[in-house]
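Visitor: In our numbering, the protein residues as written are 3 to 462.
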Amino acid sequence: VNITRFISAACQLFHMKHFLFSPLLLSGVLTAPPQDGGGTAGVQCVHQLSWLPCQFSDEHVFVNNEGHSETQLIPREAMLQFGQKGDAPVNPHAITFLVTGAKLDLWRYVDGVDAEQLECTLRRYSTEGIHVRWPVQEAHEYNRWFTCTLRHTKDLFRVTSFLRHPSDQPPSGQQDYHSWPAIGDREILTTTVVMVVKTHSPSVKVGLGSKQMLHCQFAVDHKGPNFTVEWYWQHRGERVKLFSHSRHSGQTHGDGVRLKSLAGGDASYTLPFTKMRSEGTYVCSVSVNPLFVSLDTVLQIEEPPRVSLNIGPTLSLQEGGEQKVICDAESYYPLDVEMIWYEQDPAVAGQRVGAPLPKVLQNVLLSSHKHNQDSTYSLSAFFYLQASLGDSGRQFTCSVSHQSLRVPIKKSFILIVEESSSWTFILTVGFVMVMLVVVLCVMLLHLCSARRRMAQKKPY
3 VNITRFISAA CQLFHMKHFL FSPLLLSGVL TAPPQDGGGT AGVQCVHQLS WLPCQFSDEH
63 VFVNNEGHSE TQLIPREAML QFGQKGDAPV NPHAITFLVT GAKLDLWRYV DGVDAEQLEC
123 TLRRYSTEGI HVRWPVQEAH EYNRWFTCTL RHTKDLFRVT SFLRHPSDQP PSGQQDYHSW
183 PAIGDREILT TTVVMVVKTH SPSVKVGLGS KQMLHCQFAV DHKGPNFTVE WYWQHRGERV
243 KLFSHSRHSG QTHGDGVRLK SLAGGDASYT LPFTKMRSEG TYVCSVSVNP LFVSLDTVLQ
303 IEEPPRVSLN IGPTLSLQEG GEQKVICDAE SYYPLDVEMI WYEQDPAVAG QRVGAPLPKV
363 LQNVLLSSHK HNQDSTYSLS AFFYLQASLG DSGRQFTCSV SHQSLRVPIK KSFILIVEES
423 SSWTFILTVG FVMVMLVVVL CVMLLHLCSA RRRMAQKKPY
């Protein structure tokens, strides 16, 4: 057991040390070096990932009856295999895209995640009839291009890379998608990674008035590539160019991307102050002739509600009294919000096991949604509370749920109900009676005094 633990720790250490080259090392067991002198001696993890199952979306382009070109996608089984030219395929029954050594290491961009967390898609890439010799040593005059997209299953990142497959066949002189070379079901395509574009933020949720960076990075396999980087914002049919930079011409339009960072492959765009209009899809596009790729980042505004009650933490009422209780949820976005009033015994409110469920109030009314000037929304949930002695000491809670909140916001108060025959009531009634008697006596004294004065004025 101790040896197994040691081997597992050693393999994990090996994984950490070499994650830039193969971050998907998933093993906890080491294989022993060969004893017969053959093969390669050394430490190797059993489940070191050198391949990844992918779906190859092949294309069949044809002209329909109306004379228009249509594309039919054909899903095919494929393997993305890493190794050297001439390696045997891991799955001989599938198309093998054999990625050989190059300056760009694709695994560096997948952040050491498990294979089960990756979705791999391979597709042909059309240069739209543009023929450019790729400027690397030993590059063939002609190439066939493919794209490989690796997406995290939880949408934590997305990586698109270009695979170059050398070819001795010149272009046909027409759009290449009209004459795709056929690929056999067991064919091995030896390729190299020549360009990688990645985003850490396929989907972003932010609040109003915040600073947000939209990640986009790229790398090319040769020095000094003449790249062009552009950022677009689009929403509901509207499309606006935010930034563009061409290394070839040196021209830059717009801002939001640091040119010093851009030289190192960091094309991230910074929103200095998010507004409601900032919501939409942001497109980062990178082109190195004849290759072009764009990655989308969907930015959604989420503003949590401010919740308040129109009463304090304790509400005192006389038995039979009535009070309108209002719960306000203000300045939230987007529109959907859930507001619930319920009551329970405060002694069991904090218990998680064995506590009775709170009673949801049924006499709650909702106001209409208020659309604020900043495009946020407000809503009120209220009810009329009839004070009864049986409800005295009960806790009433307003719970507000919204997609911007991890847990609902709750505001509560304790109801105190006093009996109508209490000493306060008796003293109040007694005081009123005494005051009535005093007023009556004063009136009688004035009446008697008036009669005496009238009797004195008579002449007899």
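Built from N, CA and C at the ideal position, the CB exists for glycine as well.
(1) Identify, in the order they occur along the chain, each residue of the same chain with its Cβ nearer than 6 Å to the Cβ of residue 24, setting aside the five sequence neighbours on each side.
(2) Just to check my reading of the structure: residue 218 and residue 124 have Cβ atoms closer than 8 Å, yes? What is that Cβ distance to the nearest angstrom?
(3) When burial is assigned at 16 or more other CB atoms within 10 Å of the CB, is residue 450 buried or exposed?
(4) When the distance is taken between beta carbons, is residue 192 closer than 8 Å to residue 167?
(5) How many Å lie between residue 433 and residue 443 at the Cα?
(6) Can you tell me whether DSSP reads residue 117 as helix, strand or coil?
(7) For a test of the three-state rule: what should DSSP assign to residue 194, helix, strand or coil?
(8) When you compare only the Cα positions, how much space is there between residue 207 and residue 197?
(9) By Cβ distance, which residues of its chain are closer than 8 Å to residue 319, with the 5 residues on each side in sequence left out?
(10) Say whether the region 282 to 302 touches the region 367 to 378, bearing in mind that this needs 3 or more beta-carbon pairs closer than 8 Å, one atom from each stretch.
(11) Which residues share a DSSP beta bridge with residue 261?
(12) Go through its chain and collect everything with a Cβ distance to residue 441's Cβ below 8 Å, but skip five positions before and after it.
(13) In chain order, what residues of the same chain have a beta carbon less than 8 Å from the beta carbon of residue 129, not counting five sequence neighbours either side?
(14) Would you grab the beta carbon distance between residue 406 and residue 329 for me? Rounded to a whole angstrom, and I think it's under 8 Å.
(15) Determine, using beta carbons only, whether residue 52 and residue 99 come nearer to each other than 8 Å.
(16) Would you kindly check if the distance between the Cβ of residue 121 and the Cβ of residue 153 is under 8 Å?
(17) Using beta-carbon positions only, say whether residue 233 and residue 285 come within less than 8 Å of one another.
(18) Is DSSP giving residue 330 helix, strand or coil here?
(19) Any contact between the region 57 to 64 and the region 73 to 81? By contact I mean 3 or more CB pairs, one from each, below 8 Å.
(20) So what does residue 101 bridge to, in DSSP terms?
(21) Leaving out five residues on either side along the sequence, give the residues of the same chain with a beta carbon under 7 Å from the beta carbon of residue 448.
(22) Determine the DSSP secondary structure at residue 209, reduced to helix, strand or coil.
(23) Give the DSSP-derived three-state secondary structure of residue 403 in the structure shown.
(24) Report yes or no: do three or more beta-carbon pairs, one from the region 261 to 269 and one from the region 131 to 141, lie closer than 8 Å?
(25) Sorted by chain position, which residues of the same chain lie with C-beta nearer than 7 Å to residue 5's C-beta, five sequence neighbours on each side aside?
(26) Can you give me the start and stop residues for the beta strand (DSSP E) that residue 277 sits inside?
(27) Are the Cβ atoms of residue 159 and residue 202 separated by less than 8 Å?
(28) Going by other Cβ atoms of all chains shown within 10 Å of its Cβ, with 16 needed for buried, is residue 216 buried or exposed?
(29) Residues in its own chain within less than 6 Å of residue 151 by CB, not counting five upstream and five downstream?
(30) When the distance is taken between beta carbons, is residue 156 closer than 8 Å to residue 210?
(31) I'd like the span of the beta strand (DSSP E) that includes residue 148, first residue to last.
(32) Could you give the first and the last residue of the continuous beta strand (DSSP E) run that contains residue 60?
(33) What are the boundary residues of the beta strand (DSSP E) that includes residue 202?
(34) Taking only runs that begin and end inside the region 421 to 453, name each unbroken alpha helix (DSSP H) of 4 or more residues, in chain order.
(35) Here's the rule: buried if 16 or more other CB atoms are within 10 angstroms of the residue's CB, otherwise exposed. What is residue 282?
(36) Is it true that the CB of residue 115 sits closer than 8 Å to the CB of residue 199?
Guide: Per the coordinate set shown:
(1) Its pLDDT being 35, under 50, residue 24 is placed unreliably in this model, and the value from its coordinates should be taken loosely. Only 109 meet the Cβ criterion.
(2) With 8 Å as the limit, residue 218 and residue 124 do not qualify as a contact, their Cβ atoms being about 22 Å apart.
(3) exposed
(4) yes
(5) 15 Å
(6) helix
(7) strand
(8) 29 Å
(9) 325, 387, 389, 417, 418, 419, 420
(10) no
(11) BP columns for residue 261 are empty, so no partner.
(12) none
(13) 147, 178, 292, 293
(14) Contact doesn't hold; Cβ gap of about 18 Å is too wide.
(15) no
(16) yes
(17) yes
(18) strand
(19) yes
(20) 84, 193
(21) none
(22) coil
(23) strand
(24) no
(25) Residue placement at residue 5 is poorly supported in this model, since its pLDDT is 37, which falls under 50; the coordinates are not used for a value here.
(26) Looking at the DSSP string, residue 277 is not in any beta strand (DSSP E), and its letter there is neither H nor E.
(27) yes
(28) buried
(29) 123, 162
(30) no
(31) 144 to 154
(32) 53 to 65
(33) Element bounds for residue 202: n/a, residue is neither H nor E.
(34) none
(35) buried
(36) no
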